[in-house]
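If you count the sequence shown from 1, position 233 lands on 233 in UniProt numbering, and the numbers rise without skipping.
Where is the CB? At the ideal position from N, CA and C, for every residue including glycine.
For clarity, every value in this text was computed on a predicted model and none was experimentally measured.
For reference, the structure is listed below as structure tokens.
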Amino acid sequence: MYSTMELWDLAKQCKQRLGESVPAWLLHLWDDCADNTEFSPVEMGQLASITTIPSLQQRLQRNPPAGNQTLINWLMAPAPTVWENAGDLPEHMSKWTTYLDSVQVIREMGMLQMMFVPHYSSLDEELFTTCMEDMVLANGPSETCGTMVALLAPYMDRPVYEVTTALAWLGDVEVQKQGWAAQVWRLTEGKTKRSRALPDISAVGKETASDSRRARSWSMLSSGCPGGLGVGRGQSPRAWILCQVLGCCLIG
């Protein structure tokens, strides 16, 4: 049994933020192990106010569970009776601009799918569907649509964790590539400023060694892989293709 003060503290920690979508909120609770802690019907009644959606709050208060339940089960159970389908949820999906953002969005979709199935096992075991792909494309930048279609195609009807693992890897590559580009920009910008301060007329029309190195560095960055040109030794064709897609389509 939890004390009144413990339930009060728990309610503050678990309360849905204003404007936070239901899937995003439930995903936050899921990651905080809300699927492992059980509460009694009386305790559940004191936690009904943690949602900011009046219709869901009323349903939770009017229909207490028959026995002990986990918090996540209790919150998800009324979903099919409060909303006819997933599209009826207010602000039901987050937007994304990077691959790492898309990982969060796909996990929210897995949670949304769990809300409307009678039996589920795990968020990560939910299958990635064409409907989920459509929502990913609709909530992301239009310029990355073609890239995402190509990247997601091999993962249709595969577990969500396989999709998010691949996109998380691409997100790391994306961050690294942006770091490389920023470093090259700082180096080239500094040399440009120095050349403006101390003009060297004798160097006009001649390619210096540093200019050549700069051009080669930028060419390597634009290719999407630190090594540059072709499939490297020990590198799979699939990994090389993903690098090329990332280099050409994401940063442009």
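Euclidean distance between Cα positions of T52 and Q16
Your numbering for residue 52 matches position 52 in the sequence shown. Your numbering for residue 16 matches position 16 in the sequence shown. Those two C-alpha atoms are separated by around 6 Å.
Bridge partners - L127, DSSP secondary structure assignment
Numbered from its first residue, the sequence shown carries residue 127 at position 127. DSSP, once it has assigned bridges, lists P159 as partnering L127.
Does DSSP put G19 in a helix, in a strand, or in coil?
As a working note, residue 19 is residue 19 in the sequence shown. For G19, the secondary structure class from DSSP, reduced to helix, strand or coil, is coil.
In the DSSP assignment, find the unbroken alpha helix (DSSP H) run with D101 in it and report its ends.
The residue labelled residue 101 in the question sits at position 101 within the sequence shown. Segment 99-115, the alpha helix (DSSP H) holding D101.
Is it right to say S21 is buried, meaning 16 or more other beta carbons lie within 10 angstroms of its own, or is it exposed?
Sequence index remark: in the sequence shown, residue 21 carries index 21 (1-based). Around the beta-carbon of S21, 16 or more other beta-carbon atoms lie within 10 Å, marking it buried.
Within a Cβ cutoff of 7 Å, which residues of the same chain sit near I50, ignoring the five residues on either side of it in sequence?
Counted from its first residue, the sequence shown places residue 50 at position 50. Answer for I50: A11, C14, K15, Q16, listed in chain order.
Three-pair Cβ contact test at 8 Å for the stretch 142-154 versus the stretch 116-125
They do not touch, by the three-pair rule.
Alpha helix (DSSP H) containing L60: first to last residue?
For the purposes of this step, residue 60 is identified with residue 60 of the sequence shown, where counting begins at 1. Run containing L60: 54-62, per the alpha helix (DSSP H) assignment.
Helix, strand or coil: how does DSSP classify E38 here?
Sequence index remark: in the sequence shown, residue 38 carries index 38 (1-based). Per DSSP, reduced to three states, the secondary structure at E38 is strand.
How is the alpha helix (DSSP H) around H8 delimited, first residue to last?
Translated into positions along the sequence shown, residue 8 becomes position 8. The sequence shown places Trp at residue 8, not His. Per DSSP, W8 is one residue of the alpha helix (DSSP H) stretching across 4-14.
Minimum C-alpha distance to P54 - residue among L18, L27, T70, C33:
Along the sequence shown, one-based indexing puts residue 54 at 54. Relative to P54, the option among L18, L27, T70, C33 whose CA is nearest is L18.
Cβ contact check for the stretch 126-136 and the stretch 149-169: 3 or more pairs under 8 Å:
With the cut-off at 8 Å, the stretch 126-136 and the stretch 149-169 touch.
Counted within 10 angstroms of its Cβ, other Cβ atoms place R107 as buried (16 or more) or exposed
On the sequence shown, residue 107 is found 107 positions in, with the first residue counted as 1. By the neighbour-count criterion, in which a residue is buried when 16 or more other Cβ atoms sit within 10 angstroms of its Cβ, R107 is buried.
Could you name the residues of the same chain whose beta carbon sits closer than 6 Å to that of L167, not counting the 5 residues immediately before and after it, in chain order?
Taking the first residue of the sequence shown as 1, we reach residue 167 at position 167. So the qualifying residues of the chain are Y99, S102, V103.
Find out if the Cβ-Cβ distance for the pair L112, P23 is shorter than 7 Å.
Taking the first residue of the sequence shown as 1, we reach residue 112 at position 112. Taking the first residue of the sequence shown as 1, we reach residue 23 at position 23. Cβ atoms of L112 and P23: closer than 7 Å.
Going by DSSP in three states, T164 sits in which element: helix, strand or coil?
Position 164 of the sequence shown holds residue 164. It is helical.
For the alpha helix (DSSP H) that contains T147, what are its first and last residues?
Working through the sequence shown from its first residue, we reach residue 147 at position 147. Residues 145-152.
From what residue to what residue does the alpha helix (DSSP H) around L75 run?
Counted from its first residue, the sequence shown places residue 75 at position 75. From DSSP, the alpha helix (DSSP H) with L75 extends over 71-76.
Would you tell me roughly how many angstroms separate the C-alpha atoms of T97 and Q57, rounded to the nearest one?
Residue 97 sits at position 97 when you count from the first residue of the sequence shown. Residue 57 sits at position 57 when you count from the first residue of the sequence shown. When the Cα atoms are used, T97 and Q57 turn out to be separated by approximately 32 Å.
Could you say if the stretch 35-43 and the stretch 81-95 meet the contact criterion of at least three C-beta pairs nearer than 8 Å?
The way I'd put it, the stretch 35-43 doesn't touch the stretch 81-95; fewer than three beta-carbon pairs between them come closer than 8 Å.
Have a look at P141 and V105 and give me their C-alpha separation to the nearest angstrom.
Position 141 of the sequence shown, counted from the first residue, corresponds to residue 141. Position 105 of the sequence shown, counted from the first residue, corresponds to residue 105. Roughly 13 Å separates the two Cα atoms.
So what does DSSP say about residue 263, is it helix, strand or coil?
With the chain running from 1 to 252 in the structure shown, residue 263 is simply not present.
If you compare alpha carbons, which of L123, F128, Y2, L127 is closest to L26?
Here residue 26 refers to the residue found at position 26 of the sequence shown. Nearest neighbour of L26 by Cα position, chosen from L123, F128, Y2, L127, turns out to be L123.
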